[in-house]
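Structure first, commentary second.
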Amino acid sequence: MANGQWFPAEWPERIQALAEGWLTPVEPRRAATVMLLKDTGTDTGPAVHMLRRRASMAFAGGAYAYPGGGVDPRDDDHHVRWAGPTRAWWANRLGVDETAAQAIVCAAVRETYEEAGVLLAGPTPDSVVGDTTGADWETDRAALVARDLSFAEFLDRRGLVLRSDLLGAWARWITPEFETRRYDTWFFVAVLPEGQRTRNASTEADRTVWITPGEAAASYDKGDLTMMPPTIATLRGLIPYGSAAEALSSAPERDLTPVLARARLEGGEVVLSWPGHEEFTKRIPAGGTPA
4 MANGQWFPAE WPERIQALAE GWLTPVEPRR AATVMLLKDT GTDTGPAVHM
54 LRRRASMAFA GGAYAYPGGG VDPRDDDHHV RWAGPTRAWW ANRLGVDETA
104 AQAIVCAAVR ETYEEAGVLL AGPTPDSVVG DTTGADWETD RAALVARDLS
154 FAEFLDRRGL VLRSDLLGAW ARWITPEFET RRYDTWFFVA VLPEGQRTRN
204 ASTEADRTVW ITPGEAAASY DKGDLTMMPP TIATLRGLIP YGSAAEALSS
254 APERDLTPVL ARARLEGGEV VLSWPGHEEF TKRIPAGGTP A
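In structure tokens form, the structure reads like this:
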């Protein structure tokens with residue numbers, strides 16, 4: 004492996020099965036993930052919070068990623084207290100209906116809290132909670148993770164308003180059709196709120212780091228950090244920005260056209276490609292390993 008691109012051993016066989024037409028794709032599940040940024044005070048730009056998935060994880064074990072996960076069906080069960088752009092605005096931005104838009108934005112905020120201990124919500128539409136590391140916060144966070152408490156119930160219990168204005172939609176990637184676990188994932192960017200700090204609150208991660216996108220991309224290129232294509236692609240997109248606020252303010256201009264890998268048979272090879280992202284193209288001899 005010349006770089007750190009995550010490529011499971013079972014992919015070639017499944018790609019060939021899809022290309023030959025006898026593999027039925029699994030329906031992707033809606034998901035959200037958040038690139039949490041903070042300024043470093045240097046000219047290298049902001050740092051991004053990343054976690055390393057445990058090697059034992061069935062999906063992308065050992066790969067670096069951002070806090071995130073699937074939509075909880077209860078994320079859209081009733082209107083939560085909401086600040087920032089309206090649900091209609093988010094529906095237009097995300098390319099879904101208003102109910103789905105609330106669910107996706109809620110999932111982004113909820114998963115960031117569940118996995119990093121950072122909460123993009125406040126008691127008023129123009130405030131954000133401070134330190135969230137107390138025992139009572141941890142009890143609620145654990146209840147969210149166990150799905151004993153819905154995110155809407157959590158916000159209501161604490162009298163909090165979801166701050167959708169603290170999020171910027173950055174990209175949308177759909178897991179390839181040949182994967183057994185598929186997600187339709189919206190990537191968001193957010194700035195670490197003042198007074199809050201990240202921690203490794205996820206049972207799925209064995210390490211967390213703050214790292215500049217340029218440093219992370221260089222480590223990927225050397226093969227030192229393993230990442231899935233969406234992760235390294237979004238990291239590279241962050242490199243030009245000099246501050247966390249600058250990256251967030253640019254989000255509304257980002258293209259959210261879904262990126263979906265394509266697999267085709269070509270001259271005795273299976274060719275796997277991600278449109279618009281040529282660096283991830285793999286050519287696999289039929290029944291062989293990626294080149």
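So that you can map any letter, position 74 of the sequence shown is 77 in this note's numbering, and since no number is skipped, the others follow by simple counting.
Even glycine gets a Cβ: it sits at the ideal position worked out from N, Cα and C.
What separation, rounded to the nearest whole angstrom, lies between the Cα atoms of residue i and residue j?
{"i": "VAL262", "j": "VAL74", "result": "19 Å"}
{"i": "MET4", "j": "GLY226", "result": "Note that MET4 scores a pLDDT of 45, beneath 50, so its modelled location is shaky and nothing firm can be said."}
{"i": "GLU117", "j": "ALA66", "result": "19 Å"}
{"i": "THR215", "j": "VAL99", "result": "32 Å"}
{"i": "LYS41", "j": "GLY270", "result": "48 Å"}
{"i": "VAL29", "j": "ALA149", "result": "25 Å"}
{"i": "PRO11", "j": "ARG160", "result": "43 Å"}
{"i": "PRO126", "j": "ALA266", "result": "48 Å"}
{"i": "ALA111", "j": "PRO128", "result": "18 Å"}
{"i": "GLN199", "j": "PRO232", "result": "29 Å"}
{"i": "ARG166", "j": "VAL121", "result": "12 Å"}
{"i": "TYR69", "j": "VAL164", "result": "24 Å"}
{"i": "THR136", "j": "LEU54", "result": "19 Å"}
{"i": "ARG210", "j": "ARG56", "result": "8 Å"}
{"i": "GLY133", "j": "ASP139", "result": "14 Å"}
Contact defined as beta carbons within less than 8 Å: I believe residue i pairs with residue j. What is the distance between those atoms, to the nearest angstrom?
{"i": "ALA146", "j": "VAL83", "result": "That pair is no contact at about 17 Å."}
{"i": "TRP173", "j": "PHE190", "result": "5 Å"}
{"i": "VAL108", "j": "LEU170", "result": "7 Å"}
{"i": "ALA35", "j": "GLU114", "result": "6 Å"}
{"i": "LEU259", "j": "ARG175", "result": "5 Å"}
{"i": "TRP93", "j": "ALA104", "result": "4 Å"}
{"i": "PRO202", "j": "ALA119", "result": "What sits at residue 202 in the sequence shown is Arg, not Pro. Confirmed, Cβ separation roughly 7 Å."}
{"i": "ALA106", "j": "ASP79", "result": "4 Å"}
{"i": "PRO88", "j": "ASP168", "result": "6 Å"}
Going by beta carbon distance, what residues of the same chain come within less than 6 Å of residue i, once the five residues before and after it are set aside?
{"i": "GLY7", "result": "TYR223, GLY226, LEU228, THR229, MET230"}
{"i": "GLY245", "result": "GLY48"}
{"i": "LEU238", "result": "PRO216, ALA219, ALA220"}
{"i": "ILE177", "result": "PRO31, ASP187, PRO261, LEU263"}
{"i": "THR43", "result": "ALA50"}
{"i": "PHE283", "result": "PRO232, TRP277"}
{"i": "PRO15", "result": "ILE287"}
How is the alpha helix (DSSP H) around residue i delimited, first residue to last?
{"i": "ASP159", "result": "154-161"}
{"i": "ALA221", "result": "216-224"}
{"i": "PRO15", "result": "14-22"}
{"i": "LEU241", "result": "232-241"}
{"i": "THR183", "result": "Counting along the chain, THR183 falls outside any alpha helix (DSSP H), and DSSP gives it neither H nor E."}
{"i": "ALA250", "result": "247-253"}
{"i": "ALA145", "result": "138-148"}
For the beta strand (DSSP E) that residue i lies in, which residues bound it at each end?
{"i": "LEU26", "result": "No beta strand (DSSP E) contains LEU26, which DSSP labels as neither H nor E."}
{"i": "VAL164", "result": "164-166"}
{"i": "GLU272", "result": "272-277"}
{"i": "THR284", "result": "280-288"}
{"i": "ALA174", "result": "170-177"}
{"i": "ARG257", "result": "No beta strand (DSSP E) holds ARG257; DSSP gives it neither H nor E."}
Leaving out five residues on either side along the sequence, give the residues of the same chain with a beta carbon under 8 Å from the beta carbon of residue i.
{"i": "PRO278", "result": "VAL262, LEU263, ARG265"}
{"i": "LEU241", "result": "MET38, LEU40, GLY48, PRO49, VAL51, VAL192, PRO216, ALA250"}
{"i": "ALA22", "result": "ALA266, ARG267, LEU268, VAL273"}
{"i": "ALA247", "result": "LEU40, LYS41, ASP42, PRO49, VAL194, LEU195"}
Which residues in the same chain have their Cβ closer than 7 Å to the Cβ of residue i, if we skip the five residues on either side of it in sequence?
{"i": "GLU272", "result": "ARG286, ILE287, PRO288, ALA289"}
{"i": "GLU180", "result": "LEU21, PRO28"}
- Task: Please specify which runs of the beta strand (DSSP E), each continuous and at least 3 residues long, are wholly inside the region 32-108, giving them in chain order.
- Result: 32-41, 50-56, 71-73
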